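Going line by line, the protein sequences match chains A and B.
Residue -7 is where the first sequence starts when you use the working numbering, and the numbers rise one by one after that.
Residue 38 is where the second sequence starts when you use the working numbering, and the numbers rise one by one after that.
Just so you know, even glycine gets a beta-carbon here, dropped at the ideal spot from N, CA and C.
Predicted model, so just to flag it, every value in this text is computed and none were measured.
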Amino acid sequence: DAGVIQSPRHEVTEMGQEVTLRCKPISGHNSLFWYRQTMMRGLELLIYFNNNVPIDDSGMPEDRFSAKMPNASFSTLKIQPSEPRDSAVYFCASSPGQGIGEAFFGQGTRLTVV
Amino acid sequence: AQSVTQLDSQVPVFEEAPVELRCNYSSSVSVYLFWYVQYPNQGLQLLLKYLSGSTLVKGINGFEAEFNKSQTSFHLRKPSVHISDTAEYFCAVSERGSNYQLIWGAGTKLIIKP
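Now the structure itself:
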């Protein structure tokens, strides 16, 4: 398996623009997570899906952030409008969902909002 | 798990010397324990995990960790480090029955001195 695939790897956008990050989880995994990593705040869980259904979105910073999982092989994280403080590395991770919690991470998307 | 504490934000060590990265957690229930490694500009990769059984767990790249229930610790060790071990190491815990929630430590940067 190719692992968790994220695109793009790097994104530079202007403040106010819409940004969409994409993720393809490992085939057969039924749990998907979006994380954000910054120097100041470390690794933060934004949202968790199980069987394509959002289970916990309490980590989503504000209404500018939204995430979807239309099917088992694709998820998006959208920021609209983007702000400079959204600059971070965003990771997608998937898990077999056996109740253990082990997660497999993608390479991340480095987002810079100028 | 209520929290995960990585006591050292940075650990400098000479090449070929032994190293221990410390991790303590607090939880009122049984847990699963993980160490992840993040190389520069990459995603997080599972290094090793404790689910049950022997408290000494061996992982990739010569690392091992020991689960100590009485001290609620899961310290990571390597007898002889290499320059390629330069990375950030994250301890994570999931509570049995939580189904998904990984509680993360703040990370420890391992700095290998030549």
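DSSP-derived helix/strand/coil call for residue i
i	result
residue 49 of chain A	coil
residue 99 of chain B	helix
residue 67 of chain B	coil
residue 121 of chain B	helix
residue 76 of chain A	helix
residue 132 of chain B	strand
residue 21 of chain A	coil
residue 43 of chain A	coil
residue 82 of chain A	strand
residue 33 of chain A	coil
Residue i versus the options, residue with shortest Cα-Cα distance
i	options	result
residue 58 of chain B	B:124, B:138, B:132 and B:140	B:124
residue 38 of chain A	A:7, A:3, A:26 and A:47	A:26
residue 66 of chain B	B:120, B:39, B:127 and B:82	B:39
residue 20 of chain A	A:-4, A:10 and A:4	A:-4
residue 121 of chain B	B:145, B:76 and B:87	B:76
residue 127 of chain B	B:112, B:98 and B:145	B:145
Cβ-Cβ distance between residue i and residue j below 9 Å
i	j	result
residue 132 of chain B	residue 114 of chain B	no
residue -2 of chain A	residue 13 of chain A	yes
residue 148 of chain B	residue 50 of chain B	yes
residue 59 of chain A	residue 41 of chain A	yes
residue 83 of chain B	residue 100 of chain B	no
residue 64 of chain B	residue 109 of chain B	yes
residue 101 of chain A	residue 4 of chain A	no
residue 81 of chain A	residue 7 of chain A	no
residue 23 of chain A	residue 95 of chain A	yes
Closer than 9 Å, Cβ to Cβ, to anything on chain A: give me those residues from the stretch 72 to 95 of chain B, in chain order. For the stretch 72 to 95 of chain B, which is checked against every Cβ of chain A, the residues closer than 9 Å are 73, 75, 78, 79, 80, 81, 82, 83, 86 and 88.
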